[in-house]
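In my numbering, the protein residues as written are 25 to 119.
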């Protein structure tokens with residue numbers, strides 16, 4: 025399964041957000057059981073407005089355990105200081 029997060033960047037916070045995503049957030053997620061990949065993307069043409077984070081998690085059991093961790097909740101709170109809007113969804117691979 026893939027945890028997909030779409031963020032709208034607060035103007036002027038692009039560099040801080042990128043440091044956060046590539047530092048604290050990546051380190052946390054890759055240290056969790058069942059997480060095999062973490063990728064953060066920005067728009068190739070206009071890198072100021074959005075970031076997409078894709079986290080590959082082995083199964084729903086691991087994902088549920090990660091979601092309740094205080095450290096994850098604290099990271100989410102920090103993320104919300106750097107973005108204007110966050111949308112997330114959990115995707116299941118069909119191929």
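Here a beta-carbon is modelled for each residue, glycine too, at the ideal position from N, C-alpha and C.
C-alpha distance - residue 76 paired with residue 112, whole-angstrom precision: Roughly 10 angstroms between the two C-alpha positions.
Per-residue DSSP class, three states only, for residue 108: The answer is strand: DSSP assigns residue 108 an E or B state.
Considering Cα atoms alone, identify which of 36, 28 and 26 is closest to residue 105. Of 36, 28 and 26, the residue nearest in Cα terms is 36.
Looking only at its own chain, which residues have a Cβ that is under 8 angstroms from the Cβ of residue 96, when we skip the five neighbours before and after it? Cβ contact annotation for residue 96 (same chain, cutoff 8 angstroms, sequence separation greater than five): 52 and 90, in chain order.
With residue 48 and residue 62 assumed to form a contact (beta carbons below 8 angstroms), what rounded beta-carbon distance in angstroms separates them? Contact between residue 48 and residue 62 does not hold, since their C-beta atoms are separated by about 11 angstroms, which reaches or exceeds 8 angstroms.
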